[in-house]
Amino acid sequence: MALKDPASTIDPAVITDAVRLLKGPVAAPKRIHFVTEMPLTPVGKINKLKLRELMETEEENG
Numbered sequence: 031m032a033l034k035d036p037a038s039t040i041d042p043a044v045i046t047d048a049v050r051l052l053k054g055p056v057a058a059p060k061r062i063h064f065v066t067e068m069p070l071t072p073v074g075k076i077n078k079l080k081l082r083e084l085m086e087t088e089e090e091n092g
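Per our numbering, the very first residue in the sequence shown carries number 31; after that it's consecutive.
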């Protein structure tokens with residue numbers, strides 16, 4: 031997951047290529063999902079369960 035400004039036009043392939051060049055092919059992400067805001071728990075931490083649900087919903091909807 032990556033937090034993205036809605037006005038941004040960055041391509042996920044650009045991110046993957048940059049990581050591959052800097053860190054090597056093993057560290058390059060297989061998938062990149064953009065969100066406009068991170069879901070938070072009541073304590074203010076990132077809600078990983080909600081992130082997984084968002085990813086699954088996005089993959090189902092294509």
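For each residue, glycine too, the CB sits at the ideal point set by N, CA and C.
Three-state secondary structure (DSSP) at residue i?
i: ALA32; result: strand
i: ILE76; result: strand
Measure the beta-carbon distance from residue i to residue j and round it to whole angstroms, keeping in mind my assumption that it falls under 8 Å.
i: ILE62; j: THR46; result: 7 Å
i: VAL49; j: ALA43; result: About 11 Å; that fails the 8 Å criterion.
i: ILE76; j: MET85; result: Contact doesn't hold; Cβ gap of about 13 Å is too wide.
What residue ranges within the stretch 36-85 form continuous beta strand (DSSP E) runs of no fewer than 3 residues, ordered along the chain? none
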